[in-house]
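A short write-up of the structure that comes next.
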Amino acid sequence: MAKVGVAAPALLLLLVALVSEGEMGPVRCCLSYSEKPFPVDLLHHYHIQDIRGSCNIDAVVFTTVRGRKICANPNDQWVQEAMEHIQDKRRP
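Under mature numbering (1 follows the signal peptide of the UniProt record, and there is no 0), the letters of the sequence shown match residues -24 to -1, 1 to 68, in that order.
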């Protein structure tokens, strides 16, 4: 009987780990926002994180030229300007 008591939680933990990783690996979510604006010239790319997915906050996730990820509040003025700056750099 003791084996069942240990096996059930272990099986549940394994199942949760497999489901949370999905087909593309573990989900990476922003849990908070960067408190300070980041220099736009050092930002390379961004994508939008929204609460309709697996994450619990809406965020703009910037990738710097060195590959660092920065989570930002999509309602902040500097974030809107940085997104526009990145879009403008991509236009021919």
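Glycine residues also receive a C-beta, built at the ideal position from the N, C-alpha and C atoms.
Member of the options whose CA lies at the smallest distance from the CA of residue i
i, options, result
"R28", "S10, C5, V16, Q63", "C5"
"Y22", "P13, T39, E11, D52", "T39"
"E60", "Y9, S8, L19, R44", "L19"
"D52", "Q63, R66, V36, R67", "V36"
Residue i to residue j span [Cα, whole Å]
i, j, result
"R42", "D17", "12 Å"
"Q56", "P50", "7 Å"
"R44", "P15", "13 Å"
"C31", "C47", "12 Å"
Delimiting residues of the alpha helix (DSSP H) encompassing residue i
i, result
"I27", "Here I27 belongs to no alpha helix (DSSP H), and DSSP marks it neither H nor E."
"K45", "Run containing K45: none in the alpha helix (DSSP H); it sits in the beta strand (DSSP E), 45 to 48."
Start and end residues, beta strand (DSSP E) containing residue i
i, result
"V37", "35 to 40"
Beta-ladder partner(s) of residue i, from DSSP
i, result
"Y22", "F38"
Interface flag, residue i vs chain C, CB-CB below 7 Å
i, result
"R44", "Here chain C cannot be found, since the structure has a single protein chain."
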